[in-house]
Amino acid sequence: MLEAVLVFWTNIRYCSPRLEGLLLESMNKRCLFLEHASSVTGLSNVEGLRARAESAGHIPECREVFDVAVARAVAEMRVLAEYCLPLVRVGGLFVAAKGHDPQEEVKNAEKAIGMLGASMLQMLPVESHSPYGQRTAVFCSKDRLTPKKYPREPGTPAKEIANRLIQKKQRNAKPSWQLHYDKGL
């Protein structure tokens, strides 16, 4: 995926040589690799920043200043949106790389995307070497400022989603006395 980002960035740079980019990576080893790969490929206006997206979204120099944020499929769509949309300026784009069939995941994320100041634009299939032969690029348009409380602390969005799923299962589960009673019938 890193190679794809660099190839994408190289192609964009030929169209607009003054374009600048920030490659955000939480692990120092990968961040150093991205900076090295950028310099080897001649991308002079690319900088690597070692930080978590949750933290970068609260740094004034990073908050709502980027035209485009692109995220690989590292988390559920609601979580990716919370991490990336605070980085995108109003009028900018958030592009999420998702699997071959993300319709339900994206539908479940629409409310969160709206709360974060964006709206769904479209989903486009992308040729891939994955087992299914394709992946999906999900495009969101940033319509208004993201509330200051987002992104939340690291891990909070994923924990909240997991807690909701557990609560839903508990609401649908039969009480233990009823399970024993049903077996006796």
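Under my numbering, the residues of the sequence shown are numbered 16 to 200, in order.
Positions of the beta carbon are idealized from the N, C-alpha and C atoms, including for glycine.
Everything numeric in this text was worked out from a predicted model, so none of it was measured.
Which residue comes first and which comes last in the alpha helix (DSSP H) that contains residue i?
i, result
"Val121", "Gln118 to Met130"
"Leu95", "Met92 to Cys99"
Relative to the alpha-carbon of residue i, which residue among the options has its alpha-carbon at the smallest distance?
i, options, result
"Arg67", "Leu136, Ala52, Cys46 and Thr56", "Cys46"
"Leu160", "His115, Arg104 and Ile128", "Arg104"
"Arg35", "Ala84, Ser41, Ala71 and Arg93", "In the sequence under discussion, the amino acid at residue 35 is Glu, which differs from the Arg named in the question. Considering only alpha carbons, the answer is Ala84."
"Phe154", "Tyr147, Leu108, Glu119 and Ala127", "Leu108"
"Cys77", "Leu102, Lys164, Lys122 and Met138", "Leu102"
"Leu100", "Ile128, Thr151 and Ala124", "Ile128"
"Asp2", "Val141, Phe48 and Glu125", "Outside the shown range of the chain (16 to 200) lies residue 2, about which nothing can therefore be said."
"Glu62", "Phe48, Val121 and Pro75", "Phe48"
"Gly114", "Gly148, Val55 and Ser59", "Gly148"
"Arg87", "Arg150, Asp158 and Glu168", "Arg150"
"Val41", "Asn123, Ala71 and Leu131", "The displayed chain sequence assigns Ser, not Val, to residue 41. The candidate whose alpha carbon is nearest that of Ser41 is Ala71."
"Glu168", "His73, Ser54, Glu50 and Leu37", "His73"
Can you tell me where the beta strand (DSSP E) with residue i in it begins and where it stops?
i, result
"Leu136", "Ala133 to Glu142"
"Lys157", "Gln149 to Lys157"
"Val85", "Phe81 to Ala86"
DSSP has residue i in a bridge; who is on the other side?
i, result
"Gly107", "Answer is none; Gly107 lacks a bridge partner."
"Gly36", "Val61"
"Lys113", "Thr151"
Pop quiz: residue i and residue j are said to be a contact at Cβ under 8 Å. What is the actual Cβ separation, rounded to whole angstroms?
i, j, result
"Ser156", "Leu139", "Ser156 to Leu139, Cβ: 14 Å. No contact."
"Ile98", "Pro162", "Per the sequence shown, residue 98 should be read as Tyr rather than Ile. Not confirmed; about 14 Å, so no contact."
"Leu95", "Leu64", "That pair is no contact at about 18 Å."
"Met92", "Glu69", "With a Cβ gap of about 16 Å, Met92 and Glu69 do not count as contacting."
"Ala112", "Ala152", "6 Å"
"Asp158", "Ala124", "In fact, because the Cβ distance is near 15 Å, the residues do not count as touching under 8 Å."
Quick one: complete alpha helix (DSSP H) runs, 4+ long, within the region 38-76?
43-55 and 68-71
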